[in-house]
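First the structure, in the form of structure tokens, and then the observations on it.
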Amino acid sequence: MTATPTEMMTIAAARLLSDTDVCFVGIGAPSAACNLARLTHAPKITLIYESGTLSTRPTVLPLSIGDGELCDTALTTVAVPEMFRYWLQGGRITIGFLGGAQIDRFANLNTTVVGPYDAPKVRLPGGGGAPEIASNCGQIFITMAMGTRAFVEKLPFITSFGHGTGKGDRAALGLTTKGPTKIMTDLCVLEPDPQTAELTVVSLHPGVTREQVQAGCAWPLRFAADVTETPAATEQELSVLRDLHARTRQAHGVAA
Amino acid sequence: MTATPTEMMTIAAARLLSDTDVCFVGIGAPSAACNLARLTHAPKITLIYESGTLSTRPTVLPLSIGDGELCDTALTTVAVPEMFRYWLQGGRITIGFLGGAQIDRFANLNTTVVGPYDAPKVRLPGGGGAPEIASNCGQIFITMAMGTRAFVEKLPFITSFGHGTGKGDRAALGLTTKGPTKIMTDLCVLEPDPQTAELTVVSLHPGVTREQVQAGCAWPLRFAADVTETPAATEQELSVLRDLHARTRQAHGVAA
Amino acid sequence: MAEFVSLAQGIEAVVSDGCSVAMEGFTHLIPHAAGHETIRQGKRRLTLIRMTPDLIYDQLIGTGCAEKLIFSWGGNPGVGSLHRFRDAVENGWPHKLEIEEHSHAAMANAYEAGAANLPFAAFRGYKGVDLPSVNPQIRSVTCPYSGEVLATVPAIRPDAAIIHALKADREGNVLLEGIVGVQKEAVLAAKRSLVTVEEIVDDFGPRNANAVILPSWAVTAIAHVPGGAYPSYAHGYYKRANDFYIAWDKIARERDTFLSWIKDNVLDKGPDVFARHALSTREAA
Amino acid sequence: MAEFVSLAQGIEAVVSDGCSVAMEGFTHLIPHAAGHETIRQGKRRLTLIRMTPDLIYDQLIGTGCAEKLIFSWGGNPGVGSLHRFRDAVENGWPHKLEIEEHSHAAMANAYEAGAANLPFAAFRGYKGVDLPSVNPQIRSVTCPYSGEVLATVPAIRPDAAIIHALKADREGNVLLEGIVGVQKEAVLAAKRSLVTVEEIVDDFGPRNANAVILPSWAVTAIAHVPGGAYPSYAHGYYKRANDFYIAWDKIARERDTFLSWIKDNVLDKGPDVFARHALSTREAA
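Residue numbers (the working numbering), protein chains in the order written: chain A, 6 to 261; chain B, 6 to 261; chain C, 244 to 528; chain D, 244 to 528.
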């Protein structure tokens, strides 16, 4: 079995998670990654969805942030104001997952508009929980497929703050959390450079070239001194992930 | 059967309550009055205790603000921050009951200290819920036994605000609630004068004289133009109240 | 005390032209039947308030009921865009839609402040982002102890809140359970409220001492509308109709397919059509 | 993840000389056994925080553990005074006690703000009263929208929170039920926490979807102390010992009867003595 690029993105994200993590999970790749981790090497990982479900253990992936499955398998479910006040703002989440329509080289994200805010070319859904997930979680993992319309030189709108214009900007705003530390894409893994906070390719997924990665990014990408190859998906990772998706399809009657 | 002065105080308070009232109840006479009303003419009255019990219907009187009986018979029980934020500050309580160690002629109350705050002669329990009950409930009923150490010329400390130094003081502070509208004592009922807000005797309990009432008050008391006699306790009022106290004694093994 | 009414009476009683309405439900218990009734009654110039506008507001916006939208995330969850919302914002169809945009944290805090009768809420948010530059309602306050500057949001105090709940009892108390979202706060923050329910029971029976219940005297009106959350869901009654959420993408993409769907499924129908959703999926729930 | 410990280990782990401690429980679930253990370990210079100091703090104050008290109502509920508290404030025995006094509304808001990681809370309170003139921590903030001036209180962020709860499961999750007070907020507001429980169960089993639960990763330590709330109560386990509350008035009135009671019932005993309170009254609960 060989992983598809999307599977590789999910698996790379799952590997970063451990039993002691408390994750604020979004729908899609983050949800798949977190549950893959839970079903493989991190059975005790704590998953939280913004709908209020604490320590949830879904057997199939939810299609929405508030599926009944999340509530049924949760330790308990709290009201949404409590979720944002006591749990997210309370500083009790170690890892927040984010994605977006667009990202820049300092891992700032846009999910609000393309074009001017008052007369947008494309009106995107907006920030939702993202602005405060980005500032209140211990660190942020981002999952996004590459492409030059997604990895852009300049964002038309900053919906959630990554590293601003470079290292030190978070601290200058009084943020004590780490912000984005890992960006998992379908082609590679990037990390902010320790000196500049600019996103830097640290590993290429099996079979992916530097040229392919650059072709998916509108700014000239930096590569780490020692770019490695992302370890290939194991048989176990792939089969657990595919089983999870199959169970999900069966449960929902639709693709997850 | 003839009511004791304390019973008369409780009964006079109970008569003021109706099915549509939502009462914030304190322990002692207020609790007895509210439950007497509920067991006689106001079966649908809503009782709330600051421990978080909403719409509670105890069969015996609680000895503390947080007895299990209150929770067992409540519609539901909320956390204390919610009680003070959504329910009391939310403006959802029509009547708050207060008492105190001392009251002045404008129905301000002291339950904090006798003597200087920093070197008190007597340290009283303090305000508890009273300061915000006094400002956030639609109106306040006060139950207190008379006596010259309780009905004083000047309070050493204002724990909860009644009518300040007279009519208009509440409005000047931005308070839109009525404040104390009825003071039920063991001897009489007082109301703030419509023009001055000074407490004025409006009815004397059966057999009580003006002299007896004045003897229980350190300032020269005003009497309304048409002081009436508080209607005597009915057989039903007295028997329901005494049954309630008897059930309470039996349940708790102590006096209530 | 809450009054028991028909859905049509309930919408008439709580929603008037030009008023502000919060129809809440966080994925779970979205009051779709109430949204349809609002469209049928042709309400206009509404300020619609909701964290996640979702299909219910896509329909209200597309039928011209809304003048303004206060929101924090406007998408079709797990599917993509809300096309009617986008058409209104991008092209002004059927007319221009004013928007006031916040984050989830801000909206959740704003409902909480509304329920608590406070004029605003302070929270740690919006650091380094662009939303405050386009929303003048995002302001700040300085902590009188630490000097820290916190973001603020005005309390949400809607004229009307509309929610869907599991059960009401005969006294008009309302039981919520599962993903309870911001519904309790929305009702407590509003001047008047309508609750549609799956079921009216004599008594809630044995329950957790801390069950999430709105007492009768905190609710204006209750309408019995089984299935009234469809295509959203009611925990223990019926499941979320994920296929409809997917189908909506196609229905709402073009104005004419949208309008013909509204005619066939909203204007020409009544609240009773929701009952079949409750029945058809009850066993699967 | 919460660690399972003995009560003695738990107090050693979370309470140190000079730290601030909130032992909460609103009439229900007051952690009396933990208070006794704190006395036995001879902790000193504590800042004690609690809405209703109650007997538990009367004992800690009378044995000289406390340097400062932050509170909102200091009485023996339904009985009268807390004599040891009064003796400390009125006469400085066993030494002077600094007090920081608030109202219940302020304290409840301050715990809530602490749990939410905010530096302060704003609320509608203290209008026209004298407490702000003697407590410099009562300040104000102006609403950036309405201009209204609201009272503020600093968030409570204790070094340690100690509560008593009904059950913990094997993973260290903690279940509260009934009158839940401010206990959840106190634990979430604190740097570290100790929860004493009536019972440790394999699994909480079927429960309300919105049960009040503190997850294991939000709790520092759990000690199994059946009866540990006595003379307060644990809903469904044993009732409040009203007779002891009444008896306390006499015990605590004089210094020597108090000290001899402490010696006989606290210093010369261990946490195991609480178990009999659970057993003896279980059937009556």
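Glycine included, every Cβ here is placed at the ideal spot set by N, Cα and C. Every value quoted in this text rests on a predicted model; they were computed, and no experiment measured them.
| Asked | Found |
| --- | --- |
| Using a beta-carbon distance below 8 Å, is A527 (chain D) in contact with chain A? | For A527 (chain D), the pLDDT reaches just 44, beneath the cut-off of 50, and the residue's location in the model is therefore unreliable, leaving the point undetermined. |
| Taking a contact to mean a Cβ-Cβ separation below 8 Å, would you say P187 (chain D) touches S383 (chain C) in this structure? | Because residue 187 (chain D) is not part of the residues shown, which for chain D are 244 to 528, the question remains open. |
| In the stretch 47–62 of chain A, which residues sit with their C-beta less than 7 Å from some C-beta in chain D, listed in chain order? | T51, L59 and S60 |
| Beta-carbon of P362 (chain D) versus every beta-carbon of chain C: anything under 8 Å? | yes |
| Should V425 (chain D) and M266 (chain D) be called a contact, given that it needs their Cβ atoms to be closer than 8 Å? | no |
| Going along the stretch 309–339 of chain C in order, which residues come within less than 8 Å of chain A, judged by CB to CB distance? | F314, S315, W316, G317, G318, P320, G321, S324, L325, F328, R329, V332 and E333 |
| Are there 16 or more other CB atoms within 10 angstroms of the CB of A261 (chain A), so buried, or fewer, so exposed? | For A261 (chain A), the predicted model reports a pLDDT of 43, less than 50, meaning its position is unreliable; a value from the coordinates is still stated below. Looking at its Cβ environment, which holds 16 or more other Cβ atoms inside 10 Å, A261 (chain A) is buried. |
| Over what stretch of residues does the beta strand (DSSP E) that includes S532 (chain C) continue unbroken? | In the structure as shown, chain C starts at 244 and stops at 528, and residue 532 (chain C) therefore has no counterpart that could be examined. |
| Tell me the DSSP bridge mates of F363 (chain C)? | C:P397 |
| May I have the straight-line CA-CA distance separating R283 (chain D) from K311 (chain D), to the nearest angstrom? | 19 Å |
| Roughly how many angstroms lie between the CA atoms of A527 (chain C) and I273 (chain C), to the nearest whole one? | The predicted model places A527 (chain C) with a pLDDT of 44, which falls under 50 and marks its position as unreliable, so this point remains unresolved. |
| With a threshold of 8 Å between beta carbons, is Y369 (chain C) in contact with chain A? | yes |
| Using only alpha-carbon positions, find the residue among C:M244, C:A245, C:L250 and C:E246 that is nearest to V223 (chain C). | Nothing can be reported for residue 223 (chain C), as the shown portion of chain C is limited to 244 through 528. |
| Take every Cβ of the stretch 454–467 of chain C, pair it with every Cβ of the stretch 75–83 of chain B, and state whether three or more of those distances are shorter than 8 Å. | yes |
| Using a Cβ-Cβ cut-off of 7 Å (strictly less than) and excluding sequence neighbours within five positions of S208 (chain B), which residues of its own chain qualify? | C193, V194, V232, T233, E234 and T235 |
| Say whether chain D places a C-beta atom closer than 8 Å to the C-beta of Y91 (chain B). | no |
| Between the Cα of G357 (chain D) and those of D:V468, D:Q380 and D:K434, spot the shortest distance and give me the residue it belongs to. | D:K434 |
| Return the Cβ separation of L393 (chain C) and R367 (chain C) in integer angstroms, given the expectation that the two are a contact with Cβ distance under 8 Å. | 6 Å |
| Does the stretch 90–107 of chain B come close enough to the stretch 126–141 of chain B that 3 or more CB-CB pairs lie under 8 Å? | yes |
| Report all residues from its chain with a CB closer than 6 Å to the CB of P185 (chain A); omit the five preceding and five following residues, and keep chain order. | A112, I145, I147 and G167 |
| Taking P86 (chain B) as the query, report the chain D residues whose CB atoms sit under 7 Å from its CB, ordered along the chain. | A351, N352, Y354, E355, V425 and E428 |
| Report the CB separation of M88 (chain B) from G57 (chain B) in whole angstroms; it is logged as a contact under 8 Å. | 5 Å |
| On a CA-only basis, which of A:A155, A:S36 and A:R215 is nearest T116 (chain A)? Give me that one, please. | A:A155 |
| Put A527 (chain C) into one of helix, strand or coil per three-state DSSP. | Confidence at A527 (chain C) is low in this model, with a pLDDT of 44, below 50, so its placement is unreliable and the value that follows should be read with caution. Residue state, collapsed to three classes: helix. |
| Check each residue of the stretch 165–195 of chain B: if its Cβ is closer than 8 Å to any Cβ of chain D, include it; give the result in chain order. | S165, F166, G169, D174, R175, L178, G179 and L180 |
| CB-CB under 8 Å to M244 (chain D), same chain, minus the five flanking residues each way: which ones, in chain order? | E414, G415, S459 and W460 |
| Have a look at the DSSP bridge pairing and note the partners of S190 (chain D). | Absent from the model: residue 190 (chain D). The displayed extent of chain D is 244 to 528, so no value can be given. |
| Tell me the rounded alpha-carbon separation between R525 (chain C) and Y480 (chain C). | With a pLDDT of 48 at R525 (chain C), under the threshold of 50, the predicted position of this residue should be treated as unreliable, though the coordinate-derived value follows. One C-alpha to the other measures close to 5 Å. |
| Under a three-way DSSP split, which group does P136 (chain A) fall into? | helix |
| Taking Cβ positions, are L325 (chain D) and N334 (chain D) nearer each other than 8 Å? | no |
| Please classify Y54 (chain B): does DSSP put it in a helix, a strand, or coil? | strand |
| What residue does the beta strand (DSSP E) around H257 (chain A) start on, and which one ends it? | Not the beta strand (DSSP E): H257 (chain A) falls in the alpha helix (DSSP H), residues E240 to H257. |
| So F501 (chain C) contacts chain A; which residues on that side make the cut at Cβ distance below 7 Å? | Per Cβ cutoff of 7 Å: no residues; F501 (chain C) is ~17 Å from chain A at best. |
| List the residues of chain B whose Cβ lies closer than 7 Å to the Cβ of W460 (chain C), in chain order. | V27 and T51 |
| Which of helix, strand or coil does DSSP assign to D330 (chain C)? | helix |
| Does any CB atom of chain B fall closer than 8 Å to the CB of F269 (chain D)? | yes |
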